[in-house]
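Just below is one structure, and these are the notes that go with it.
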Amino acid sequence: MTHNPVRLALLERHVTLGTWIQVGHPAVAEVLANAGFNWIAADMEHTDIDNAGFAGLARAMHGRGVAPLARVRENDTLAIRQVLDLGAQGVIVPLIHTAEDAERAVSAAKYPPRGVRGFCFSRMNNWGTDFAAYAATANDDLAVVVMIESRQGVENIDAILAVEGVDGVFIGPYDLSGSYGVPGQTAHPQVKAGCRRVLDACRAAGKSAGMHVVIPADAAIAQALEDGFTFLALGVDTVFLSAGAREALACARR
Ligand code: 3PY
Ligand code: MG
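Numbering (the numbering used here), first residue to last: 11 to 264.
Below, the structure written as structure tokens:
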């Protein structure tokens, strides 16, 4: 049983609404948390957000009813273990191409015997005060989402989903388009077919599929839901900032 509502929603294929942080300031996390998202993922793959930056974001989200997630910089055991110790309630692991990749990600996120996560006093067990309680529940409470963003990942999707502990997948449409030789063309028929293949496999395996609606307009969100995505990321802090600023200027000019 899990006490993490985001993991529960992943396991039950219920919709959650999240967003991404690329600006590593805790104030951004506070503002977005107050908006009411279910989860906020810090992008540590494509930004300068490091472990110290992530800890600040997780602290800012604490007590605001939102689950801090981290997209780690790569499928690296230590990177995954450290963000979990620092406050992540789940990891999003990029560039998962094979079942072996998925197993490596899950193993890093789970305590023995399932995995290789190391025990220690850390922020997540209140520096040891709650050691036993945390050790007993962490494997059930922490979400593992793997990113499918390559042709190889699509081809191996059934085996990836069969790895015990993969709670869901998140499609990376930009890398996926790149791997089909059409970088940036996320609506290209081959990319769309790849997404469809992943969605069908998730439905068959009873696992959640996630998608990033980068520009969260009505039609795009409706399409993602209709397609069957349940783990929805809406926008990015930088996109919100840019849209708000441009709209203010346009408003004044009108
Ligand atoms: C991609 O589109 O490749 C991503 O990783 C999006 O976050
Ligand atoms: Mg990517």
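Glycine is no exception: its CB is placed at the ideal position from the N, C-alpha and C atoms.
Assign Q92 to buried or exposed, taking buried as 16 or more other Cβ atoms, counted over all protein chains shown, within 10 Å of its Cβ.
Here residue 92 refers to the residue found at position 82 when the sequence shown is read from its first residue. With 16 or more Cβ atoms within 10 Å of its Cβ, Q92 is classed as buried.
Starting from R81, trace the alpha helix (DSSP H) both ways and give me its first and last residue.
Indexing the sequence shown from 1 puts residue 81 at position 71. That residue, R81, is in no alpha helix (DSSP H); its beta strand (DSSP E) goes 77–81.
contact_flag[the region 48–55, the region 67–86] where n(CB pairs < 8 Å) is 3 or more:
The answer is yes - the region 67–86 touches the region 48–55, with three or more Cβ pairs under 8 Å.
Taking only runs of the alpha helix (DSSP H) that begin and end inside the region 166–215, which ones reach a length of at least 4 residues, in chain order?
You should have 167–171, 183–189, 199–215.
Can you check whether the CB of L242 is closer than 9 Å to the CB of L27?
Taking the sequence shown and counting its residues from 1, the one referred to as residue 27 is at position 17. Taking the sequence shown and counting its residues from 1, the one referred to as residue 242 is at position 232. Yes.
T139, enclosing beta strand (DSSP E) - first and last residue:
Taking the first residue of the sequence shown as 1, we reach residue 139 at position 129. Annotation for T139: no beta strand (DSSP E) segment contains it, and DSSP assigns it neither H nor E.
So what does DSSP say about G28, is it helix, strand or coil?
Indexing the sequence shown from 1 puts residue 28 at position 18. In this structure, G28 counts as strand in the three-state DSSP scheme.
With three or more C-beta pairs closer than 8 Å as the rule, is the region 133–149 touching the region 191–199?
No: fewer than three Cβ pairs fall under 8 Å.
When the Cα atoms are used, what is the spatial distance from C212 to A258?
Position 202 of the sequence shown, counted from the first residue, corresponds to residue 212. Position 248 of the sequence shown, counted from the first residue, corresponds to residue 258. Straight-line Cα distance between these residues: approximately 41 Å.
Among residues of its own chain, excluding the 5 on either side of I170, which ones have a beta-carbon nearer than 8 Å to its beta-carbon?
In the sequence shown, the residue the question calls residue 170 occupies position 160. Answer for I170: I106, T108, A109, D111, A112, V156, I158, G163, V176, V179, listed in chain order.
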